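Visitor: Questions regarding the structure given below will be posed in turn.
Protein chains: 2
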Amino acid sequence: MIRIHGMADSGNCYKPRLLMAKLGRPFAHVETNSRDGSTRTPAYLAKNANGKVPLLETEDGRFLAESNAILLYLAEGTAYLPADPFDRALVCQWLFFEQYSHEPYVAVRRSLILYPERAAQATPERMASLLEAGDKALGVMEAQLGKTPFLAGETLTIADIALYAYTQDAGVAGYDMERYPHVVAWLARVAADPGHVPLAWTPGG
Amino acid sequence: MIRIHGMADSGNCYKPRLLMAKLGRPFAHVETNSRDGSTRTPAYLAKNANGKVPLLETEDGRFLAESNAILLYLAEGTAYLPADPFDRALVCQWLFFEQYSHEPYVAVRRSLILYPERAAQATPERMASLLEAGDKALGVMEAQLGKTPFLAGETLTIADIALYAYTQDAGVAGYDMERYPHVVAWLARVAADPGHVPLAWTPGG
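Protein sequences, first through last, are from chains X and A.
Each residue of the first sequence is one higher than the last, beginning at 333 in the working numbering.
Each residue of the second sequence is one higher than the last, beginning at 333 in the working numbering.
Have a look at this one:
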């Protein structure tokens, strides 16, 4: 069985969990907390030199890092990744957008608010800067979702799964979601899609 | 003919140019400078709502953003992107690593040094922080390149093209490359690979 090393409360780790739920595929969760040093041990760094979660472990013991690379691997041949080369490339465009233009702002601002040990880093200047950059990313999504029901077109793909993970908590992160009605409607569409599971989760529960 | 909107001196724009050179495929370069406002005009934002370069324009007028999504699209079916699902996923892993853990530090530090209009942002604290995070990324590459000649294994893929773009300028960006002998040897291997072209370039020249 596939094993996924990750944290129960991480949006990046939620992405492959949500896809596996939609695919109806079982997997073993290996709780690995980046906030308690578990991703910096020699044993873990031998599996992923970049010391991050999630990390996929195949049945034959190979390792694959980066949440969105894991999504691409697991979605291959399924309805969540188009076969047409250009449509597939558009999905990848949104996956890179998520990691470069969205996650470093929306997810980081969320973590600075949610985790007390990070509070000292939440200076007014940094929070304002994260707000501005995250609003820009949400604006890019709003523009697209005014044209198509899902980010890469007519059907739900891993682009939606990747961007749902932290956008659904953008309100918690301090973004004014009333400015993004198309994004809010899309969040509801993704949550209503068959096989949905929430981020809040108890491993083994 | 494919058109690529981009800047002659950008590493992100260099990536698709290097791949197209290796593939022997002609394309039209459309100079679009993000530093003079050309990527923030209404006309450009209608093509790419995220206002970034490079941007690929297909022969039938569709647009694809994100340098590494462009690489994946152009490399499909070529020797630069493996057909095996896991090998392909490993290439994607490095592409996401590049955009999340490498480019925001190595490329940004390079730009703060090279472009006088950004000098005011190059505070000692920021430069030290960028140095530390970029060194971590170079260390991850060093660990892999001590095991395999190219990042995703035995052959050169778009993972190498993506990471070559800014790593070849890591010395300019202030990183001590003597600490990374495997990376330095890999830079030479990539530069010696057939079809190589340098970043320094005059459009139409």
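Yeah, the Cβ is synthetic: ideal placement off N, Cα and C, and Gly gets one too.
These numbers were taken from a predicted model, which means no experiment stands behind them.
Can you tell me the Cβ-Cβ gap for L350 (chain X) and V529 (chain X), rounded? I've got them flagged as a contact below 8 angstroms.
Guide: With a Cβ gap of about 6 angstroms, L350 (chain X) and V529 (chain X) count as contacting.
Visitor: In this structure, does DSSP put R521 (chain X) in helix, strand or coil?
Guide: R521 (chain X): helix per DSSP, three-state reduction.
Visitor: Closest Cβ-Cβ distance between N365 (chain A) and chain X: below 8 angstroms?
Guide: No, N365 (chain A) does not count as interfacial toward chain X.
Visitor: How long is the line joining the alpha carbons of H514 (chain X) and A475 (chain X), rounded to whole angstroms?
Guide: C-alpha separation (whole angstroms): 8 angstroms.
Visitor: Give me the residue from X:D341, X:P358 and X:A407 with the minimum Cα distance to I490 (chain X).
Guide: Here the closest residue by C-alpha is X:A407.
Visitor: Judging by CA-CA distance, which residue of A:V504, A:A520 and A:R394 is the nearest neighbour of L463 (chain A)?
Guide: Checked all of A:V504, A:A520 and A:R394; the closest Cα to L463 (chain A) is A:V504.
Visitor: Can at least three beta-carbon pairs, one atom from the stretch 387-394 of chain X and one from the stretch 362-370 of chain A, be found at a separation below 8 angstroms?
Guide: The stretch 387-394 of chain X is not in contact with the stretch 362-370 of chain A.
Visitor: What separation, rounded to the nearest whole angstrom, lies between the Cα atoms of V522 (chain A) and W426 (chain A)?
Guide: Going from the Cα of V522 (chain A) to the Cα of W426 (chain A) covers about 16 angstroms.
Visitor: Would you say N400 (chain X) reaches chain A, if we count a Cβ-Cβ gap shorter than 8 angstroms as a contact?
Guide: So, interface residue.
Visitor: Given this structure, state the Cα-to-Cα distance separating F482 (chain A) from D492 (chain A), to the nearest angstrom.
Guide: Straight-line Cα distance between these residues: approximately 7 angstroms.
Visitor: Could you tell me the distance, in whole angstroms, from the CA atom of L495 (chain A) to the CA atom of E430 (chain A)?
Guide: Looking at the two C-alpha atoms, the distance is approximately 6 angstroms.
Visitor: For the stretch 354-379 of chain X, which residues have a beta carbon sitting closer than 7 angstroms to at least one beta carbon of chain A?
Guide: Per Cβ criterion, the list is empty.
Visitor: Give me the Cα-Cα distance between L470 (chain X) and A497 (chain X), rounded to the nearest whole angstrom.
Guide: Taking the straight line from one Cα to the other gives about 13 angstroms.
Visitor: Count the other CB atoms within 10 Å of the CB of A484 (chain X); is the residue buried (16 or more) or exposed (fewer)?
Guide: Label assigned to A484 (chain X): buried.
Visitor: Check the DSSP bridge columns for E363 (chain X) and list the partner residues they point to.
Guide: The partner list for E363 (chain X) (beta bridge, DSSP) reads X:G338.
Visitor: Interface residues of chain A around C345 (chain X) at Cβ under 8 angstroms?
Guide: The premise fails here: C345 (chain X) is roughly 15 angstroms from chain A at the closest Cβ pair, so nothing lies under 8 angstroms.
Visitor: For the stretch 455-521 of chain X, list the alpha helix (DSSP H) runs that are entirely contained and at least 4 residues long, ordered along the chain.
Guide: With a minimum length of 4 residues, the continuous alpha helix (DSSP H) runs that stay inside the stretch 455-521 of chain X are 456-477 and 490-499.
Visitor: Indicate whether at least one CB of chain X lies closer than 8 angstroms to the CB of G537 (chain A).
Guide: A caution first: G537 (chain A) carries a pLDDT of 47, below 50, which makes its placement in the model unreliable, though a value can still be read off. No, no contact with chain X.
Visitor: Which residue marks the beginning of the beta strand (DSSP E) containing R435 (chain X), and which one marks its end?
Guide: The amino acid at residue 435 (chain X) is misidentified as Arg; the sequence shows Glu. First-last for E435 (chain X): E435 to L446, but that is the alpha helix (DSSP H), not the beta strand (DSSP E).
Visitor: Can you give the Cα-Cα distance for K347 (chain X) and T534 (chain A), rounded to whole angstroms?
Guide: Straight-line Cα distance between these residues: approximately 42 angstroms.
Visitor: Looking at chain A, is there any beta carbon in it that lies within less than 8 angstroms of the beta carbon of L404 (chain X)?
Guide: Closer than 8 angstroms: yes.
Visitor: Quick check: the Cα distance between A524 (chain X) and A375 (chain X), rounded to an integer number of angstroms?
Guide: Answer to the nearest angstrom: the Cα atoms are 40 angstroms apart.
Visitor: Does any C-beta atom of chain X lie closer than 8 angstroms to the C-beta of F482 (chain A)?
Guide: Not an interface residue.
Visitor: For F428 (chain A) versus N400 (chain X), is the C-beta spacing smaller than 8 angstroms?
Guide: Yes, they are a contact pair.
Visitor: If you count every other CB in all the chains shown that lies within 10 Å of the CB of R458 (chain X), and 16 or more means buried, which is it?
Guide: Under this definition R458 (chain X) is an exposed residue.
Visitor: Buried or exposed: which applies to D501 (chain A), given that a residue is buried once 16 or more other Cβ atoms fall within 10 Å of its Cβ?
Guide: Counting Cβ neighbours within 10 Å, D501 (chain A) comes out buried, since at least 16 surround it.
Visitor: By the 9 angstroms beta-carbon criterion, what residues does the stretch 417-437 of chain X contribute toward chain A?
Guide: Cβ contacts with chain A come from P417, F418, R420, A421, L422, V423, C424, Q425, W426, L427, F428, F429, Q431, Y432, S433, E435 and P436.
Visitor: Quick one: what's L387 (chain A) bridged to in DSSP?
Guide: A:H337 and A:A397, per the DSSP bridge assignment.
Visitor: Which same chain residues end up closer than 6 angstroms to D419 (chain A) when comparing Cβ atoms and leaving out the 5 residues on each side of it in sequence?
Guide: The answer is none, since no qualifying residue turns up.
Visitor: Going along chain X, which residues have a C-beta under 7 angstroms from R394 (chain A)?
Guide: Under the 7 angstroms cutoff, chain X gives F418.
Visitor: Verify whether the separation of the beta carbon atoms of V472 (chain A) and A381 (chain X) is less than 8 angstroms.
Guide: Their beta carbons are under 8 angstroms apart, which means V472 (chain A) touches A381 (chain X) by this criterion.
Visitor: Taking Cβ positions only, does Q453 (chain A) come closer than 8 angstroms to chain X?
Guide: So, not an interface residue.
Visitor: Within the 8 angstroms Cβ cut-off, does P348 (chain A) reach chain X?
Guide: P348 (chain A) does not count as touching chain X.
Visitor: Does DSSP put P530 (chain X) in a helix, in a strand, or in coil?
Guide: DSSP places P530 (chain X) in coil when its eight states are reduced to three.
Visitor: Just mark S461 (chain X) as buried or exposed, buried being the case when its beta carbon has 16 or more other beta carbons within 10 Å.
Guide: S461 (chain X) should be labelled exposed.
Visitor: What residues in its chain sit with their C-beta under 6 angstroms from that of Y512 (chain X), if we drop five residues either side in the sequence?
Guide: Contacts found: L470 and E474.
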